[in-house]
Amino acid sequence: MLANEANPTISKSTGLPRKRFYRARAHSNPLSDSHFPIPIAPLHVDYSLHYPQVFAASDEVQVSKKVQFADIGCGFGGLLISLSTLFPETLMIGMELRDKVTEYVKERISGLRVANPGQYQNISVVRTNSMKYIPNYFEKGQLSKMFFLFPDPHFKEKNHRRRVISPHLLDEYAYAIGVGGIIYTITDVEELGDWMKACLESHPMFEALTFEELESDPVVNLLSSATEEGQKVARNGGQTFQAVYRRVQPS
Amino acid sequence: MEDAPMEYGESNKEIEVAPALIAVHPNQESVAVAVGSDLRVFDLQGDCAVSLVDDSSGGSLHKDSIRAIRYGANGKLFVSAGDDKLVKIWSTESWRCISTVCSEKRVSAVAITNDGLYVCFADKFGVVWVVDVDGSDGQAIVNKKAAPMLSHYCSIITSLEFSPEGQFIVSADRDFKIRVTAFPNKPLDGAHEIQSYCLGHTEFVSCLAFACNVEYPQGFLVSGSGDSTVRLWEISSGTLLDTCEVGGKAGLLESNGREEECCSAITDLCTNSDGTLVAVAVQSLQGIILLSCNLSARTLSLAKVVSIGGETFIPTRLVASRSTGLLWMITGVSNLRGYEYTSLARVRVIFGFNKSNHDFIQNERLVLEDDKVPGGSNLLEKLQGSVSFDEKVFVAAAEAVKTAMGNFITVCDTMAERRVRNADRGRIRDHNADCS
Ligand SMILES: C[S@@+](CC[C@H](N)C(=O)[O-])C[C@H]1O[C@@H](n2cnc3c(N)ncnc32)[C@H](O)[C@@H]1O
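Line by line, the protein sequences are chains A and B.
In terms of numbering that gives the first Met the number 0, the first sequence is residues 0 to 250.
In terms of numbering that gives the first Met the number 0, the second sequence is residues 0 to 435.
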């Protein structure tokens with residue numbers, strides 16, 4: 000937590016918020032209006048904009064809530080929508096790189112909020128590159144679930160470093176997920192499935208869920224059915240490969 | 000799509016100007032300077048220039064610009080690395096290269112563990128590698144392979160620093176991040192446990208140093224950035240303790256009074272032996288800025304601007320000798336066009352950097368004349384390449400340094416824009432435009 004007097008968003012001399020609350024690139028190309036804002040630190044993300052009804056509540060518990068689930072590369076948002084009603088008290092966010100797709104998810108959520116008063120208030124989406132900016136959104140140990148459903152496969156060996164699950168990126172996810180939290184991955188590409196499992200298996204801060212634990216976790220069923228990509232694979236009768244691991248304390 | 004946005008600058012030779020670097024042995028037994036691919040060492044104990052011995056290379060030691068040089072905390076090892084993708088580990092006893100480690104990419108930063116057992120280096124893809132140098136004892140060690148230890152995804156790491164007590168390795172990048180990672184017992188298996196992120200800078204982070212003393216042996220981190228601030232951090236939680244706006248102060252000194260944001264990036268900083276002072280180099284400042292650091296109050300404040308009279312001297316690197324309290328400064332660039340000296344460097348020294356803060360700040364005449372510099376003209380001749388230069392050369396060098404920094408910033412941003420625009424066009428089937 001930043002001490003108030005050291006809060007870089009507030010100007011020391013004027014006490015007013017600085018213009019550069021969000022990092023504006025001083026040298027950015029003025030012809031390009033497509034850059035996305037990057038919060039300087041998790042504290043600077045105004046979640047009341049994402050979950051207005053939750054934050055409008057007068058009770059302390061509601062207002063101090065933090066995001067606990069993150070759907071990385073959420074695509075069209077099917078998983079968030081299924082999880083929203085399953086865990087109505089939990090705040091969750093999707094992270095998506097594509098601008099148009101993010102806009103679509105935003106509209107989809109507001110549509111659902113209008114059509115179902117009081118519901119879908121706990122889900123939202125941000126446009127960002129999850130491979131770079133996870134620490135800008137989440138504090139250490141803040142998340143209890145992270146989802147990676149049908150991520151891009153990047154077949155070529157030299158592109159493996161672009162995969163969203165990699166030994167080094169798992170270090171960042173292990174930072175964002177609290178001990179006991181769970182990381183869910185699924186793909187229809189066998190090679191990628193093997194890769195994700197191998198990365199998780201050899202990471203000292205993750206351990207596989209047992210068969211019984213998988214059976215009793217209501218979220219596991221959603222992995223192959225809730226998202227647009229999952230539904231497409233199912234329609235085509237494709238096989239899926241999942242790896243579900245718990246964040247543990249390294250020994 | 001090319002897989003290497005970080006190498007974008009390679010095609011653009013104009014920005015291939017490399018700033019001169021300087022390093023000082025912890026007991027000031029020797030001083031090293033790198034200008035371009037040239038590595039120069041002066042032995043202060045023997046009062047003579049050192050001839051480096053490298054059996055692995057035929058003649059030239061490094062084949063391209065050196066980007067990082069550093070002595071280990073116990074003074075036994077020295078490391079040099081850079082654009083030729085070679086990491087050379089030297090024994091400071093014999094000045095023999097005891098190992099040359101090949102990196103896959105160009106190297107941007109190096110660090111040596113406090114116990115001297117491991118060398119770490121960062122490549123241009125943001126990966127930090129570790130090499131085990133245990134048991135070398137000054138003898139040649141062959142076939143050392145580096146293992147990847149941690150990574151800043153697709154960002155250039157600008158600085159690597161071990162915490163004073165050695166539990167953490169701190170890495171800073173061009174994406175305004177500072178990452179604090181627990182340094183494990185078996186670093187070759189990777190450093191997976193992220194202790195914290197120090198987030199607050201709004202531009203690239205250019206330099207890191209620790210301020211510590213007997214009362215605070217774990218120390219506090221000091222960082223400098225393209226956002227023209229120097230910040231003080233508590234690293235185990237990543238808490239920002241104080242922010243010092245240095246840019247405005249630097250602007251005051253500019254002769255034309257123009258205060259351009261792009262020219263007040265912090266280029267280097269360095270702390271003194273009891274953590275009470277921080278010396279700061281700014282991109283366009285002729286001189287250095289001194290900050291007072293109060294560790295018990297956890298504050299940083301502007302103490303003084305030290306101008307270096309008599310010549311155009313914008314330091315590119317600063318380094319302190321803790322034992323002697325001398326602050327060594329260098330300015331210079333390689334590949335300076337149109338001048339007789341293609342690899343120009345100028346060394347200046349400030350004394351009393353370990354004195355009690357107050358005395359030092361009060362003192363008006365801090366910069367040593369050339370004949371008072373340890374090693375005198377022999378040292379200067381070796382490290383600078385010449386004892387005296389035409390003033391015009393300094394002006395040109397100062398301009399080149401400014402352009403090199405400025406270009407770097409613009410290049411980074413152009414890349415970011417390119418990435419985003421490409422992502423929007425949806426041209427990239429795999430969607431992951433960031434590294435395309
Ligand atoms: C194949 S889609 C799967 C979408 C969704 N999870 C589903 O199952 O339907 C992969 C998604 O990840 C997004 N993506 C790829 N790289 C990303 C990154 N670095 N940060 C955020 N999103 C990313 C893509 O834009 C794309 O929408």
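Note that CB positions come from ideal geometry on N, CA and C, so glycine has one too.
Practice problem: Report whether the distance from the Cβ of residue 148 (chain A) to the nearest heavy atom of ligand 1 is below 7 Å. | Solution: Under cutoff, so the answer is yes.
Practice problem: Measure the C-alpha to C-alpha separation of residue 293 (chain B) and residue 83 (chain A) and round it to an integer number of angstroms. | Solution: The alpha-carbon separation between residue 293 (chain B) and residue 83 (chain A) amounts to approximately 49 Å.
Exercise. Please report how far the alpha carbon of residue 243 (chain A) lies from the alpha carbon of residue 123 (chain B), in whole angstroms.
Key: Linking residue 243 (chain A) to residue 123 (chain B) through their CA atoms gives a straight-line distance of about 33 Å.
Quiz item: Just the Cα atoms here: how many angstroms apart are residue 150 (chain B) and residue 167 (chain A)?
Solution: Each residue's Cα considered, the two are about 6 Å apart.
Self-check item: Amino acids of chain B, ordered along the chain, whose beta-carbon sits closer than 7 Å to that of residue 170 (chain A)
Solution: Correct list: 149, 191, 193.
Quiz item: Count the other CB atoms within 10 Å of the CB of residue 154 (chain A); is the residue buried (16 or more) or exposed (fewer)?
Solution: Residue 154 (chain A) is exposed by the Cβ-count criterion.
Quiz prompt | residue 64 (chain B) versus residue 105 (chain B): straight-line alpha-carbon distance, rounded | solution = Residue 64 (chain B) and residue 105 (chain B): Cα-Cα distance of roughly 10 Å.
Quiz item: What are the uninterrupted segments assigned as beta strand (DSSP E) that are 3 or more residues long and contained completely in the region 167-205 of chain B, given in chain order?
Solution: You should have 167-172, 177-181, 193-196.
Quiz prompt | Minimum length 3: unbroken beta strand (DSSP E) runs contained in the region 82-110 of chain A | solution = Qualifying beta strand (DSSP E) stretches, in chain order: 90-95.
Quiz item: Under the DSSP definition of a beta bridge, which residues are partnered with residue 391 (chain B)?
Solution: Under the DSSP definition of a beta bridge, residue 391 (chain B) lacks any partner.
Quiz item: Got a sec: is the Cβ-Cβ distance from residue 203 (chain A) to anything in chain B below 8 Å?
Solution: Judged by the 8 Å Cβ criterion, residue 203 (chain A) is in contact with chain B.
Exercise. Have a look at residue 198 (chain B) and residue 364 (chain B) and give me their C-alpha separation to the nearest angstrom.
Key: Straight-line Cα distance between these residues: approximately 37 Å.
Quiz item: Checking contacts by CB at 8 Å: is residue 173 (chain A) closer than that to chain B?
Solution: It does; some Cβ of chain B falls within 8 Å.
Exercise. For residue 201 (chain B), decide whether its Cβ has a neighbour in chain A, counting only Cβ atoms nearer than 8 Å.
Key: For residue 201 (chain B), the nearest beta carbon of chain A is closer than 8 Å to its own beta carbon.
Exercise. Could you pull out every residue in the same chain whose Cβ sits closer than 8 Å to the Cβ of residue 115 (chain B), ignoring the five residues on either side in sequence?
Key: If we look at residue 115 (chain B) and ignore the five residues flanking it on each side, its Cβ neighbours are 71, 72, 73, 75, 76, 132.
Quiz item: Is there at least one Cβ from chain B nearer than 8 Å to residue 181 (chain A)'s Cβ?
Solution: No - not a single Cβ of chain B is within 8 Å of the one on residue 181 (chain A).
Quiz item: Taking 7 Å as the cut-off, is the CB of residue 72 (chain A) close to at least one heavy atom of ligand 1?
Solution: Annotation for residue 72 (chain A) indicates a beta carbon within 7 Å of some heavy atom of ligand 1.
Quiz prompt | Rounded distance between the beta-carbons of residue 81 (chain B) and residue 66 (chain B), thought under 8 Å | solution = For a cut-off of 8 Å, the C-beta gap from residue 66 (chain B) to residue 81 (chain B) is around 4 Å, short enough to register as a contact.
Self-check item: Among A:123, A:222, A:232, nearest to residue 187 (chain A) - alpha-carbon criterion
Solution: Selection A:123, A:222, A:232 evaluated against residue 187 (chain A) yields A:232 as nearest (Cα-Cα).
Practice problem: Can you tell me the Cβ-Cβ gap for residue 149 (chain A) and residue 226 (chain A), rounded? I've got them flagged as a contact below 8 Å. | Solution: Going by Cβ atoms, the distance from residue 149 (chain A) to residue 226 (chain A) rounds to 7 Å, so yes, they are a contact pair.
Practice problem: Note down, in chain order, every chain B residue with its Cβ under 9 Å from the Cβ of residue 166 (chain A). | Solution: Neighbours of residue 166 (chain A) on chain B, chain order: 147, 150, 189, 191.
Quiz prompt | Proximity test, Cβ basis, 8 Å: residue 135 (chain A) and chain B | solution = Interface residue, yes.
Quiz item: Is the beta carbon of residue 222 (chain B) sitting closer than 8 Å to the one on residue 194 (chain B)?
Solution: Between residue 222 (chain B) and residue 194 (chain B), the C-beta spacing is not below 8 Å.
Quiz item: How many whole angstroms separate the CB atoms of residue 43 (chain B) and residue 28 (chain B), which I take to be in contact at a CB cut-off of 8 Å?
Solution: Yes, residue 43 (chain B) and residue 28 (chain B) are in contact; Cβ-Cβ is about 6 Å, under 8 Å.
Exercise. State the DSSP-derived secondary structure class of residue 151 (chain A), mapped to helix, strand or coil.
Key: Residue 151 (chain A) falls in the coil class under three-state DSSP.
Quiz item: Should residue 226 (chain A) be listed as close to ligand 1, given that the test is whether its C-beta is under 7 Å from any heavy atom?
Solution: It does: the Cβ of residue 226 (chain A) is within 7 Å (strictly closer) of some heavy atom of ligand 1.
Exercise. Determine, using beta carbons only, whether residue 22 (chain A) comes closer than 8 Å to chain B.
Key: For residue 22 (chain A), the predicted structure reports a pLDDT of 36, less than 50, and the residue's modelled location is therefore unreliable. A value from the coordinates is still provided. With its beta carbon less than 8 Å from one in chain B, residue 22 (chain A) belongs to the interface.
Quiz item: Closest to residue 18 (chain B) by CA distance: which of B:267, B:145, B:84 is it?
Solution: Ranking B:267, B:145, B:84 by Cα distance to residue 18 (chain B) puts B:267 first.
Quiz prompt | Segment contact, 8 Å Cβ cut-off, at least three pairs: the region 287-301 of chain B with the region 375-392 of chain B | solution = The region 287-301 of chain B vs the region 375-392 of chain B: no contact.
Practice problem: Label residue 48 (chain A) either buried or exposed according to how many other C-beta atoms from any shown protein chain fall within 10 Å of its C-beta, with 16 as the threshold for buried. | Solution: Residue 48 (chain A) is exposed by the Cβ-count criterion.
Quiz prompt | Environment of residue 234 (chain A) [buried if 16+ CB atoms lie within 10 Å] | solution = Sixteen is the threshold: since fewer than 16 other Cβ atoms of the shown chains lie within 10 Å of the Cβ of residue 234 (chain A), the residue is exposed.
Quiz item: Any Cβ of chain B within less than 8 Å of the Cβ of residue 243 (chain A)?
Solution: Residue 243 (chain A) does not count as touching chain B.
Quiz item: From the beta carbon of residue 231 (chain A), is the nearest beta carbon of chain B less than 8 Å away?
Solution: Not an interface residue.
Quiz item: Just to confirm, are residue 34 (chain B) and residue 342 (chain B) a CB contact at a threshold of 8 Å?
Solution: In contact: residue 34 (chain B) and residue 342 (chain B) (Cβ atoms closer than 8 Å).
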